[in-house]
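Protein chains in written order, with the working numbering: chain A, 63 to 450; chain B, 63 to 450.
Don't be surprised by glycine CBs; every beta carbon is placed ideally from N, CA and C.
Number of protein chains: 2
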Amino acid sequence: MSPAPERGFPDAEFAARTARAQALMAQQGLEGLLLTRESEVRYFSGFHTLFWQSPTRPWFLFVPVEGKPVAVIPEIGAALMRQTWIDDIRTWSAPSPADDGLSLLVDLLGPLAARGASIGVPKGHETSLRMPLGDYERLLGLLAGLDIRDSTDIIRALRMVKSEAEIAKLRHICGIGSASFAALPEIVHEGQAFEDTFRAFRRKALELGADDVPYLVGGADKGGYHDVISPPTARPLQKGDIMMLDTGATWDGYFCDFDRNFAIGRADDASRRAYHTLWRATEAGLAAARPGARCADLFHVMQSVIDRMDDQGGDVGRLGHGLGMQLTEWPSLAAFDNTALQENMVLTLEPSLSYGDGRIMVHEENIVLRADGAELLTTRAVPELPVI
Amino acid sequence: MSPAPERGFPDAEFAARTARAQALMAQQGLEGLLLTRESEVRYFSGFHTLFWQSPTRPWFLFVPVEGKPVAVIPEIGAALMRQTWIDDIRTWSAPSPADDGLSLLVDLLGPLAARGASIGVPKGHETSLRMPLGDYERLLGLLAGLDIRDSTDIIRALRMVKSEAEIAKLRHICGIGSASFAALPEIVHEGQAFEDTFRAFRRKALELGADDVPYLVGGADKGGYHDVISPPTARPLQKGDIMMLDTGATWDGYFCDFDRNFAIGRADDASRRAYHTLWRATEAGLAAARPGARCADLFHVMQSVIDRMDDQGGDVGRLGHGLGMQLTEWPSLAAFDNTALQENMVLTLEPSLSYGDGRIMVHEENIVLRADGAELLTTRAVPELPVI
């Protein structure tokens, strides 16, 4: 693993993100973006805290079409927000169910509403509004005249393409994830309760420098697993099990998201074949991933390899996705997504297939798209199913 | 620590939760509740997965006024949902931005809309709608005639009072958290980068049986910390630092949420005094916490102790809150919350104060309310600031 990059970003990075958003806003006649979600508030401000785990308090960032973003946040976050590049920080004593930031938002946005201005709120695919729906409905009433449009396209366009500083963080956490998987044979053994395998993996990733392992799912069962999103049980690992761990570990707020498959003791033929098919599907994806190709193309390239073996059409919905401040981000490597791939997108390639009696297998690698093609951020999985 | 309780819940627990919700719905003339958030979907179904970390796919659970809940979910969750007590599971191939569950929701709710029925959606304090806002707006159009009311009160009333099975899980994770804090003097030392203190704490909690440590914040600074929600820096712990760690560790989907304060090497007088004041405020809270008292009463009891020392009115908004499947839940120990305390509520007592030059200190314990008063779930903090 390479040494850790710097934490945080220089102010210039936030200024550049803001300027890009403002250029798109200006094109669309928007006078600002109202943001409520952790990833978007952090993207434009640098405000980084696990406190979002508490659903109690709403947080708002308004990105105007000119000038710096304005934070409208609970007082408990003021000290941390003052460490960012944001100057205009307006706080209230939260929680305050009778007025959780609404008066402050009306102060800020009332003048825009009075002249019938347009602002954007992300309302589209993969977004959500992180504030009570009732408060949003009240706000619409208090800001009658304000034209609120869906601004998902602006946020999506910016966040899909990563800066070199973001890529450095992603490379670092992918390296930690890869080293953690490389250490698995030392920490996993037949007879181990699968929930203890999870604990051992988390502890190893932390030891190797991960800040956290917010996401860890997997499966283990005789001759293949049946489900890829379950929490682990106390069932001991047994000879002949196929085990998969899929991790989203974080460093400085950026995720890796990839998995590895192992056979415990010995590997059955069907699982070996499934593994190698997925490995080849990933190879095909790696070869096809270049700027200008479309997400749907990349999907079909991988799917055509899988189709030669998969007879049941296991449905995980897509074969990869964007990666960054969230475990999954835009775009989707799916038939419905015609987004053109761009340099410096960070993606997962995640082919999966069904085989045998309802078994499923998933592979995953993380890449950054460069001008000449895919650069792996993860240490490439071996071509044949490894046996522990 | 006591041995781990059983994972999961018997079907009877979900049936009882559903029946209680249905009784409240019937009183209010509601024909169902539409739920979108992890905690509420899990509360009524038992569907438990970290996959919610991916914001890509919406998940829906409809709790009708009679009969079992109906799951409308991405196909990727079908296998796991079939392991729960839910029978009616309707899936689609997600993500599918053109129709991410909306057609299935229209099939389900269309007949209710046609006769102008009323259903509930949580829209109030501490809730949010976990689906794209644009899709919700489309759904309202597709279900014209459906009367959608805020059902926060129903969800809140149910979730605030815990079953004995829930309390057993909460006691278990509070025990793991307490044991982790007890081990701190062995894993923390002067000169340690504070981010490594965080890693060491997480690893210890996992070693002692936590499933995960999704929340860990803290502060450390000469003579007192200034902020209680920041991620850690690489600054080494120094003699004279006051250090606080606040953790939300989980076991089987239930959280502890408490903190501990330590002095590194030596403790200054002001911090000692702040510590003991908060310890006494917690004692006052413990004595006053009994069924029938109001949240606001408990707040004032603790605040009156704090007021004797706090000259700056540090504003974290409240002095405790509910605890369960989320790090913070209803109710709030705050002047605005007149909720009457009930037996089997699980709460945090979290007095805080400002002192000196912008320093802040926070204490926290977790309790369950019994008929005769507070039962501690955490091992009570010592009365005087401990020195490592």
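Which of helix, strand or coil DSSP assigns to residue i
i                  : result
Lys-284 of chain A : strand
Trp-147 of chain A : coil
Ile-429 of chain A : strand
Leu-299 of chain A : coil
Met-305 of chain A : strand
Ile-291 of chain B : coil
Leu-395 of chain B : coil
Thr-401 of chain A : coil
Ala-332 of chain B : helix
Thr-390 of chain A : coil
Ser-242 of chain A : helix
Glu-68 of chain B  : coil
Val-367 of chain B : helix
Arg-442 of chain B : coil
Leu-340 of chain B : helix
Gly-139 of chain B : helix
Arg-79 of chain B  : helix
Gly-237 of chain B : helix
Residue i: first and last residue of the uninterrupted beta strand (DSSP E) it sits in
i                  : result
Phe-324 of chain A : 320-325
Ile-422 of chain A : 421-424
Ile-450 of chain A : No beta strand (DSSP E) contains Ile-450 of chain A, which DSSP labels as neither H nor E.
Ser-225 of chain A : Careful: Ser-225 of chain A lies outside any beta strand (DSSP E) and carries neither H nor E.
Gly-196 of chain B : First-last for Gly-196 of chain B: 195-204, but that is the alpha helix (DSSP H), not the beta strand (DSSP E).
Leu-270 of chain A : It is not in any beta strand (DSSP E) - Leu-270 of chain A carries neither H nor E in the DSSP assignment.
Glu-437 of chain A : 435-438
Gly-91 of chain B  : No beta strand (DSSP E) contains Gly-91 of chain B, which DSSP labels as neither H nor E.
Gly-18 of chain B  : For chain B, the structure presents residues 63 to 450; residue 18 of chain B sits outside this window and is missing.
Gly-382 of chain A : 382-384
Residue i burial status per 10 Å Cβ neighbour count (16 or more: buried)
i                  : result
Ala-178 of chain A : Here residue 178 of chain A turns out to be Gly, not Ala, going by the sequence shown. With fewer than 16 Cβ atoms within 10 Å of its Cβ, Gly-178 of chain A is classed as exposed.
Lys-284 of chain A : exposed
Leu-120 of chain A : The amino acid at residue 120 of chain A is misidentified as Leu; the sequence shows Pro. It counts as buried.
Lys-231 of chain B : buried
Thr-189 of chain B : buried
Ala-296 of chain A : exposed
Glu-248 of chain A : exposed
Gly-315 of chain B : buried
Asp-331 of chain B : exposed
Arg-144 of chain A : exposed
Arg-380 of chain A : buried
Asp-303 of chain A : buried
Ser-292 of chain B : buried
Asp-197 of chain A : buried
Arg-192 of chain A : buried
Leu-360 of chain B : buried
Gln-89 of chain B  : exposed
Leu-202 of chain B : exposed
Glu-68 of chain B  : exposed
Ser-107 of chain A : buried
Arg-370 of chain B : exposed
N- and C-terminal bounds of the alpha helix (DSSP H) containing residue i
i                  : result
His-452 of chain B : Lying before the first or after the last residue shown, residue 452 of chain B is absent from chain B, which here runs from 63 to 450.
Lys-173 of chain B : Before going further, note that residue 173 of chain B is Pro rather than Lys in the sequence given. Here the alpha helix (DSSP H) through Pro-173 of chain B covers 164-176.
His-187 of chain A : Taken as a continuous stretch (DSSP letters only), His-187 of chain A belongs to no alpha helix (DSSP H), as it is neither H nor E.
Ile-217 of chain A : 214-222
Ser-158 of chain A : Run containing Ser-158 of chain A: none; DSSP gives neither H nor E here.
Leu-409 of chain A : That residue, Leu-409 of chain A, is in no alpha helix (DSSP H); its beta strand (DSSP E) goes 408-411.
Leu-415 of chain A : Per DSSP, Leu-415 of chain A belongs to no alpha helix (DSSP H); it is in the beta strand (DSSP E), 414-417.
Residue i Cβ short of 6 Å to the ligand NAD heavy atom set
i                  : result
Ala-140 of chain B : By its list of ligands, the structure shown contains no ligand whatsoever, and the ligand NAD lies outside what it can speak to.
May I have a chain-ordered list of the alpha helix (DSSP H) segments no shorter than 4 residues that lie completely inside the region 95-133 of chain B? Here the runs fully enclosed are 100-107.
At a cut of 8 Å, does the region 226-235 of chain B reach the region 151-159 of chain B through at least three beta carbon pairs? Contact between the region 226-235 of chain B and the region 151-159 of chain B is absent: fewer than 3 CB-CB pairs across the two stretches fall below 8 Å.
Evaluate the contact criterion for the region 173-187 of chain B versus the region 209-217 of chain B: three or more CB pairs, one atom per stretch, below 8 Å. Put simply, the region 173-187 of chain B touches the region 209-217 of chain B. At least three CB pairs are less than 8 Å apart.
Okay, do the region 425-434 of chain B and the region 343-359 of chain B touch, 3+ Cβ pairs below 8 Å being the bar? The region 425-434 of chain B is in contact with the region 343-359 of chain B.
Specify whether the region 234-243 of chain B and the region 262-271 of chain B touch according to this definition: at least 3 beta carbon pairs, one from each stretch, less than 8 Å apart. Of all C-beta pairs linking the region 234-243 of chain B to the region 262-271 of chain B, three or more are shorter than 8 Å, placing the two stretches in contact.
The region 389-407 of chain A in contact with the region 129-137 of chain B per 3-pair CB rule at 8 Å: Result no; under three Cβ-Cβ pairs closer than 8 Å.
Would you call the region 215-224 of chain B and the region 258-265 of chain B touching, i.e. three or more CB-CB distances under 8 Å? Using a Cβ-Cβ distance cut-off of 8 Å, the region 215-224 of chain B and the region 258-265 of chain B are not in contact, since fewer than three pairs of beta carbons, one from each stretch, lie closer than that value.
Are the region 89-96 of chain A and the region 109-119 of chain A touching by the rule of at least three beta carbon pairs closer than 8 Å? Output reads no: the region 109-119 of chain A does not touch the region 89-96 of chain A.
Between the region 379-399 of chain B and the region 408-420 of chain B, can you find at least three pairs of beta-carbon atoms closer than 8 Å? In short, these stretches touch, since the Cβ pair count reaches three.
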